[in-house]
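Just so we're aligned: the sequence shown equals residues 16 to 507 in this note's numbering.
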Amino acid sequence: MPDQCQTPPAASITVLLVDDEPIVLDATKAYLTSGYGFLVDTACSGKEALACIAEKRYDAVILDYELEGMSGLELMQAIREQGYDGPIIIFTGRGREEVVIRAYDLGADGYVQKGGDIRSQFAELVHKTLTVIERRRAKDAHKKIVAEYQALYEHAPIAYFSLSPGGIITRCNKKAEILLGKGCRELTGSYFPDLFAGIPGEKERVLSLLMAACEHQEIEGEEFCILLPDGAQITVSVSVSVARDTTGTVSLIHAVLIDLTDQKARERHHAEQHRFLERLIETIPGPVFFKDKNGRYTGCNAAFESYIGLSKEKIIGTTVHDLWPAPLAVIYDAKDKELFENPGIQQYESQVAHADGSLHDVVFYKATIPDEKGEPDGIVGVILDITTRKQAERRLYEANRQLHLLTEVTRHDILNNVNAMQLFLDLVKIKSDTAHIGEELDALDRLIARIQADIEFTRVYQDLGSHLPRWQRLADCVAECTIPDHIHFVIA
16 MPDQCQTPPA ASITVLLVDD EPIVLDATKA YLTSGYGFLV DTACSGKEAL ACIAEKRYDA
76 VILDYELEGM SGLELMQAIR EQGYDGPIII FTGRGREEVV IRAYDLGADG YVQKGGDIRS
136 QFAELVHKTL TVIERRRAKD AHKKIVAEYQ ALYEHAPIAY FSLSPGGIIT RCNKKAEILL
196 GKGCRELTGS YFPDLFAGIP GEKERVLSLL MAACEHQEIE GEEFCILLPD GAQITVSVSV
256 SVARDTTGTV SLIHAVLIDL TDQKARERHH AEQHRFLERL IETIPGPVFF KDKNGRYTGC
316 NAAFESYIGL SKEKIIGTTV HDLWPAPLAV IYDAKDKELF ENPGIQQYES QVAHADGSLH
376 DVVFYKATIP DEKGEPDGIV GVILDITTRK QAERRLYEAN RQLHLLTEVT RHDILNNVNA
436 MQLFLDLVKI KSDTAHIGEE LDALDRLIAR IQADIEFTRV YQDLGSHLPR WQRLADCVAE
496 CTIPDHIHFV IA
């Protein structure tokens with residue numbers, strides 16, 4: 016028996032063995048199975064062999080040349096007609112040259128003659144079987160690769176061209192037809208650079224490109240314009256590679272065209288939008304800034320540069336801790352983190368160190384910038400300077416405070432004098448004959464009462480406008496109001 020270690024490749028090989036002599040069939044099966052590890056099925060007739068092939072896929076079929084009721088060659092022909100395209104090996108004792116030629120003509124993949132040394136005979140059979148199986152598998156793999164390449168070539172979303180060394184189109188795919196608006200028959204045989212002739216200078220550029228590729232230069236992603244038969248102009252990316260024969264001579268040129276027209280249109284649209292937004296932001300009189308999700312400034316407008324006294328180049332890439340004093344930076348940083356945790360819009364009052372070195376009162380209006388998933392990816396902010404308003408509020412408050420003090424002091428002094436007048440008036444009433452001066456004294460009393468009422472009214476009036484507006488309960492306001500007697504409301 017042969018050494019087992021010599022036959023590991025045969026361990027997974029399935030074979031159909033066909034012979035009309037059962038003893039020979041069983042002996043051959045036992046030898047191939049135990050000696051070489053083949054997985055062997057047997058058939059004693061052509062009919063049985065065809066039935067086995069119809070039910071199971073075999074790596075190879077080994078059959079005798081002479082069978083009862085049907086020759087091996089006739090069976091081989093029937094097997095092929097049934098659709099089996101695997102290797103078929105004739106294993107027979109007949110060795111005439113015409114038999115071998117006839118077997119190969121009918122599609123045999125191998126021929127092994129019985130007789131002689133058994134071990135050498137079966138070693139040759141196994142070797143022949145493994146060889147033809149490997150060859151068939153390689154052939155099938157090559158067919159598969161060719162089919163896949165063909166499918167890729169024909170149905171790829173990019174245009175493929177095969178060119179002769181002289182630049183003549185020898186083949187193209189369907190995408191090339193769609194892209195250029197011409198049929199493959201029309202394109203085949205034409206000069207590839209002529210496709211670009213409608214745009215001045217482009218044909219010459221393409222020709223230079225092909226020459227450079229033939230000179231071992233890598234050509235990938237060069238942009239060109241093509242004028243189509245309908246007058247439309249498209250932009251394409253051109254890549255070129257070459258195939259060489261064993262002598263290094265260019266035998267074939269491959270050209271790939273990718274349509275960039277829509278992409279270029281989108282790029283122009285985005286660029287126009289970007290320019291519009293940049294111009295819009297620059298025309299905003301208030302300082303505008305942008306930050307990424309790490310808190311670094313990514314952009315700003317001219318008003319922001321002027322406001323803080325730094326150029327855009329010195330601002331971009333920095334953080335609040337790089338630009339602002341520590342107390343302010345801490346506030347800004349905390350507010351940014353709060354906004355990222357609660358995406359949306361944020362507004363708050365704070366201060367900013369102005370370019371002139373002073374602290375300005377401001378209101379920050381900020382909002383998160385979402386990414387394509389809707390997650391916050393940055394911040395856009397606008398600064399509204401309210402320093403002038405705050406100064407006006409402080410001046411108004413101070414003026415009201417001084418007026419309040421003046422009114423309070425003046426009212427106090429006047430009331431003191433009124434009290435003294437009342438005291439003296441009472442003394443006059445006591446010491447004098449009131450019969451003659453009663454009317455005058457009564458009039459004087461009324462005047463004093465009116466003065467008191469007017470002064471009391473100033474107590475209410477002095478507080479008007481000194482507080483920030485707020486909602487009031489009407490019932491409480493009416494209940495707490497004290498209206499002097501001499502003031503009357505007239506409804507027209």
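Don't be surprised by glycine CBs; every beta carbon is placed ideally from N, CA and C.
With residue i as the anchor, note down where its alpha helix (DSSP H) starts and where it stops.
i, result
"Q128", "Counting along the chain, Q128 falls outside any alpha helix (DSSP H), though it belongs to the beta strand (DSSP E) covering 125–128."
"I330", "327–330"
"P37", "37–51"
"A171", "Here A171 belongs to no alpha helix (DSSP H), and DSSP marks it neither H nor E."
"A212", "From DSSP, A212 is part of no alpha helix (DSSP H); its letter is neither H nor E."
"Y99", "Here Y99 belongs to no alpha helix (DSSP H), and DSSP marks it neither H nor E."
"E237", "Careful: E237 lies outside any alpha helix (DSSP H), inside the beta strand (DSSP E) at 234–242."
"D120", "112–120"
"K189", "189–195"
"D348", "341–356"
"L202", "199–202"
Return helix, strand or coil for residue i, following the three-state DSSP convention.
i, result
"Q19", "Any answer about Q19 is weak, because its pLDDT of 40 lies below 50 and its placement is not dependable; what the coordinates show is given next. Three-state DSSP puts Q19 in a helix."
"S179", "coil"
"C229", "helix"
"E297", "helix"
"T57", "strand"
"G87", "helix"
"T264", "coil"
"I401", "coil"
"D457", "helix"
"P385", "strand"
"R485", "coil"
"L222", "helix"
"I466", "helix"
"L78", "strand"
"T334", "coil"
"I133", "helix"
"F440", "Looking at the sequence itself, residue 440 is Leu, so the reference to Phe does not match. Looking at L440 - three-state DSSP - the assignment turns out to be helix."
"D274", "strand"
"D392", "strand"
May I have the straight-line CA-CA distance separating residue i from residue j, to the nearest angstrom?
i, j, result
"G198", "H289", "40 Å"
"A166", "I160", "10 Å"
"G372", "Q467", "53 Å"
"D277", "Q248", "11 Å"
"E112", "A118", "10 Å"
"D392", "L224", "43 Å"
"A270", "R186", "11 Å"
"C20", "Q136", "At C20 the pLDDT is 36, less than 50, meaning the model places this residue with poor confidence; the figure from the coordinates comes in the next sentence. Those two C-alpha atoms are separated by around 18 Å."
"Q366", "V335", "13 Å"
"H231", "T264", "11 Å"
"L242", "A162", "34 Å"
"S205", "F211", "12 Å"
"T22", "Y51", "Reliability fails at T22, whose pLDDT of 39 lies under 50, so the model's placement of it is uncertain and the value that follows must be treated cautiously. Whole-angstrom Cα-Cα distance: 5 Å."
"L420", "A414", "10 Å"
"M16", "T146", "In this predicted model, M16 has a pLDDT of only 44, less than 50, meaning its place in the structure is not dependable enough to derive any value."
"N432", "D457", "18 Å"
"G61", "G84", "8 Å"
"L440", "E408", "47 Å"
Whose CA, out of the options, lies closest to the CA of residue i?
i, options, result
"L78", "V443, L40, G84, K405", "L40"
"F239", "P180, L267, C229, L272", "L272"
"E192", "Q136, P180, I173", "I173"
"K143", "I299, A258, I470, Y126", "Y126"
"A64", "L195, S86, I398, T48", "S86"
"V395", "K388, N431, K306", "K306"
"K350", "K327, A382, N316, T333", "A382"
"D245", "T262, R134, G213", "G213"
"G324", "G389, A370, Y175, H427", "A370"
"D35", "D100, F106, I68, T48", "F106"
"L343", "K329, T29, F355, A368", "A368"
"E237", "C229, A227, V253", "V253"
"E233", "S256, V221, L222", "S256"
"I268", "R461, T403, F304, G182", "G182"
"P385", "I401, F355, R416", "F355"
"F304", "V115, D155, L338", "L338"
"R294", "C315, R283, K279", "C315"
List the endpoints of the continuous beta strand (DSSP E) containing residue i.
i, result
"Q361", "360–368"
"S254", "248–259"
"D371", "D371 -> no beta strand (DSSP E), and no H or E assigned at all."
"D307", "303–307"
"I105", "103–107"
"Y312", "312–315"
"L31", "29–33"
Any heavy atom of the ligand ADP closer than 7 Å to the beta-carbon of residue i?
i, result
"V377", "Inclusion of the ligand ADP in the displayed structure is not the case, the ligand content being empty and no account of it being possible."
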